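Numbering-wise, this note's numbering comes out as the position in the first sequence, counting from 1, plus 1.
Structure, as structure tokens:
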Amino acid sequence: MVAITSTPAALLHSTVLDWYGANARDLPWRAADASPWAVMVSEFMLQQTPVKRVLPAYAAWLERWPAPADLAADAPGEAVRMWGRLGYPRRALRLHAAAVAITEQHGGEVPDDHPALLALPGVGEYTAAAVASFAFRQRHVVLDTNVRRVFARAVTGVEYPAQATTAAERRTATEYLPATAETAAAWAVGAMELGALVCTARSPECGACPLLRHCAWQRAGRPPYEGPARRGQSYEGTDRQVRGKLLAVLREAHGEVPQERLDAVWHEPVQRARALDGLVADGLVEPVAPGVYRLPR
DNA sequence: CAGACGTGGTT
DNA sequence: TAACCAAGTCT
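Here it is, written out as structure tokens:
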């Protein structure tokens, strides 16, 4: 049902809420019994990693560590190992550090206020708002890449948002933030879902979009993106690739690894050494003796 | 604040 | 195929 409303924002809200009610995916972190910790785990994993790849890792993680204290009691290296091939393994380290902070400073319960969430390792503006909104049903601007794209198109009338989040975007998102907490929380997840399923980056399904008639980009004739080339993420031959190969060996080793096993993953010694040093500096790898390494204890 | 930071799927 | 994209954070 669509509510009779008087403002454009309220119309947008009810339209998206109705659409979400009929089209939302049945994701485990949205289940009624998903704990705040489960929501937080999902948010860490979903930072730059697609839902499909997160699903199995999320289930395995929570089975092993159902509460923050469970993870905090384990070695950070175990978090890195469980992270598997989700990518950006520093997130695993930060999630472990967040679990320690929650255990030591918050009695083992994920804090429910935004500033406390923001103070946790690996929790930035988006994740703090997302956990506060999804887990605690609070009223926050939840501005991720999906919501930014929906705003860019439906409100601003351009195909893509700027590379970095601008003050203008935050202003727009704040203007459109529903007044009540429950509606704001529903709007946050609904706008994200719309961006993820319909208003997608590559080929949006405008024909199936509930905002078709309200969309400024549509009204403007869907003009193509004009800004500077959106820089790709080159990977082949980068330190990141070497780090990934090194860490993969450590993850699968379940113990100490001699230098020669690491040397085998990359031919170029200078870059290889730089990558390994970087992993050590980041705390992802621990030197135990000259020429011997392992995941952090 | 631009750039670093993994990995795999899609176009 | 190379480029782009995926619920970002940190420095």
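Beta carbons are placed, not taken as given, at the ideal position from N, Cα and C, and that holds for glycine.
All of these numbers come straight from a predicted model, not from anything done at the bench.
- For TRP30, the closest of PRO57, LEU198, LEU213 by C-alpha to C-alpha distance is PRO57.
- If you draw a straight line from the Cα of HIS115 to the Cα of ALA131, it comes to about 9 Å.
- Cβ atoms of ALA68 and PHE135 stay farther apart than 8 Å, at about 18 Å.
- Closest by C-alpha distance to ALA39, out of GLU183, ALA99, LEU28, LEU63, is LEU63.
- In summary, ASP27 is exposed, with fewer than 16 beta-carbon neighbours lying within 10 Å of its beta-carbon over all protein chains present.
- Around the Cβ of GLU194, a 10 Å sphere holds 16 or more other Cβ atoms; the residue is buried.
- ALA192 places its beta carbon less than 8 Å from that of VAL151.
- DSSP links ALA290 through a beta bridge to VAL293.
- Beta-bridge partners of PRO259 (DSSP): VAL293.
- When secondary structure is reduced to three states using DSSP, THR181 falls in the coil class, being assigned neither helix nor strand.
- Remark: three or more beta-carbon pairs, one from each stretch, lie closer than 8 Å, so the region 92-99 and the region 110-127 are flagged as touching.
- The Cβ neighbour count for THR128, taken over all protein chains shown within 10 Å, is at least 16; the residue is labelled buried.
- Under the Cβ criterion (8 Å, minimum of three pairs), the region 77-96 does not count as touching the region 16-27.
- Secondary structure at ASP71: helix, using DSSP grouped into helix, strand and coil.
- For ARG295, same chain residues with a beta-carbon under 6 Å away, outside a window of 5 residues either side, are GLU257, GLU287, VAL289 in chain order.
- In terms of Cα proximity to ASN147, the closest of PRO162, ARG140, GLN139 is PRO162.
- With a beta-carbon spacing of about 10 Å, THR166 and VAL142 fall beyond the 8 Å limit used to define contacts.
- Here the alpha carbon of HIS14 sits roughly 14 Å from the alpha carbon of ARG140.
- Counting of Cβ neighbours within 10 angstroms places TYR59 among the buried residues, the total reaching 16 or more.
- DSSP places TYR59 within a helical segment (H, G or I) once states are collapsed to three.
- A direct Cα-Cα distance of roughly 11 Å separates GLU44 from ASP145.
- Around the beta carbon of VAL271, a 10 Å sphere encloses fewer than 16 other beta carbons of the protein chains shown; the residue is thus reported as exposed.
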